[in-house]
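So the sequence shown is numbered by the numbering used here: it starts at 1 and just counts up by one. The beta-carbon is built from N, C-alpha and C at its ideal position, and this holds for glycine as well. On a predicted model such as this, the values are computed, not experimentally measured, just so you know. Notes follow the structure.
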Amino acid sequence: MAESPRFGTVFAPSMGTMSFDGSSWSDPAVVPVEAIPMHPSTHALHYSSSCFEGLKAHRDPNGGVNLFRLDRHVERFAASADRLVLPFPGVEAVRDLITETVAANLDEVPNPPGSLYVRPTLVGTDHDIGAAGSPSRTALLFVLNSPVGDYFAGGVRPLRIAVETDRPRTTPQFGAVKSGANYVMALGVTMEAKRKFDASQVIFMPGGQLNETGAANVVLLSEDRLITPPLDGSFLAGVTRDSLLTLASESGMEVEERAVDLDELRAWVSDNEVALAGTAAVLAPVGTLIIDGVDVTVGSGEVGPVTLRLREALAAVQVGVSSNHPEWRSPVVKN
Ligand SMILES: *Cc1c(COP(=O)(O)O)cnc(C)c1O
């Protein structure tokens, strides 16, 4: 069984593929991971017609392997494809392809806290550099699997995060699309924050309103409350975010989806918690915010108890240690 490789650099041997030739989808296939030959004029390489998903398969205590919230991820994948005007084979076919790919790589699923990270990707493959104003008619969908260890191997540590109130993460109309183009747009700002402030990420607050980081949603936490911005299309509708909101509410916390401005964020961190939510890290504590170039300690500056509690509650559901929300786990094999 694989153990703790660096996130995203080690791949399970099999990948799922399907392709669209402009009129029909090929049969799904699970093949050895290998280079994909691409003509230099491939649409995605020039016009960023590409999107992806990121979900995980976890081992449960009974020897089963389950994909966490497969339906939600595939629905979001379909929505991203639609926004990029890319062909999509249908949610059922994609769910099946993802499940078959993980089944082929079953031996590569690490034990908890490790998991198998699953990366479905869709790219426009037309050979046409003249297609700046038209969508790709052909497409390739592949599902890559990567065994990952504990994101916080060596312990959960609080992050240093810079707050950016001027430049946005991406455009408002593409905020909810899981596309590489959104990531590169945030990259320059993030690299600047690394260089200037030794920050690991940036919380974007364009116009002074809380949005998200380059790759994770932001939640404000206290003993009895979870506050996060409402889904308005300007940021990614995280499945982790949705799951945490549900679990927090069920545990008796007040869940508020509403706008948060800089003044409220400043006041909040004096004795509360802030954390980042996403599939890779689950829930990562923020220890310091850098606001207008000045360090502002979040709560004690250490990992907060509410962050830890919610993180553990979600992890327990993901690996099936908790019997809560069985509908969130799609079995790949049953014991
Ligand atoms: C994937 C992603 C997230 C987190 O979404 P999850 O479904 O929780 O993994 C948050 N923000 C951005 C920009 C993302 O691409």
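Residue i CB to nearest heavy atom of ligand 1 below 7 Å
i	result
N217	yes
L236	yes
T279	yes
G233	no
V94	no
P212	Going by the sequence as given, residue 212 is Glu instead of Pro. Yes, ligand 1 has a heavy atom inside 7 Å of this Cβ.
G54	yes
T240	yes
N182	yes
K196	no
Sheet register partners of residue i (DSSP bridge)
i	result
T42	H127
S146	Y117
W25	F20
N324	Its beta-bridge partners do not exist; DSSP assigns none.
V30	G16
P331	N66
S50	V123
I161	Q201, L289
R72	The partner list for R72 (beta bridge, DSSP) is empty, contrary to what the question assumes.
R59	V65
A316	Its beta-bridge partners do not exist; DSSP assigns none.
A139	F20, G124
Distance, residue j Cα to residue i Cα
i	j	result
K334	S136	Residue confidence is low: K334 scores 49 on pLDDT, short of 50, so the model does not pin down where it sits. No coordinate-derived value is stated.
N272	S146	35 Å
L244	P230	14 Å
R309	H43	45 Å
L283	V118	18 Å
P120	I290	34 Å
C51	S80	6 Å
T142	G54	Position check: residue 142 holds Phe in this sequence, whereas Thr was assumed. Looking at the two C-alpha atoms, the distance is approximately 12 Å.
I203	R157	18 Å
L106	K56	12 Å
F77	V332	20 Å
R266	M38	49 Å
R241	L247	10 Å
R83	V177	7 Å
L226	G293	27 Å
D295	T288	6 Å
P326	L67	11 Å
V10	A103	18 Å
Q318	Y183	26 Å
I161	G22	44 Å
Residue i Cβ short of 7 Å to ligand 2 heavy atom set
i	result
P206	Ligands displayed in this structure: ligand 1; ligand 2 is not among them.
Query - Secondary structure, beta strand (DSSP E): runs of 3+ residues fully inside the stretch 221-307 - result: 225-228, 254-257, 273-278, 282-291, 294-297
Query raised in the report: So, do the stretch 135-155 and the stretch 185-192 have three or more beta carbon pairs nearer to each other than 8 Å?
Result: no
Report task. Spell out a yes or no on whether the stretch 88-99 and the stretch 70-80 are touching, meaning 3 or more CB-CB pairs, one atom from each, closer than 8 Å. Result -> yes
Query raised in the report: On the three-pair Cβ rule with 8 Å, is the stretch 201-217 touching the stretch 226-239?
Result: yes
Query raised in the report: Fully enclosed by the stretch 175-218, which beta strand (DSSP E) runs are 3 residues long or longer?
Result: 201-204
Requested in this report: Count the CB pairs spanning the stretch 92-107 and the stretch 11-23 that are closer than 8 Å, and state whether there are at least three.
Outcome: yes
Report task. Any chance you could list the alpha helix (DSSP H) runs of at least 4 consecutive residues sitting entirely within the stretch 79-117, in chain order? Result -> 91-104
Query raised in the report: Is the stretch 34-54 touching the stretch 157-173 in the sense that three or more CB pairs, one from each, lie closer than 8 Å?
Result: no
Query raised in the report: Would you call the stretch 60-69 and the stretch 23-35 touching, i.e. three or more CB-CB distances under 8 Å?
Result: no
Query raised in the report: Would the stretch 296-315 and the stretch 220-230 be scored as touching if the rule is three or more Cβ pairs under 8 Å?
Result: yes
Query raised in the report: Any contact of the stretch 105-112 with the stretch 123-137, i.e. 3+ C-beta pairs under 8 Å?
Result: no
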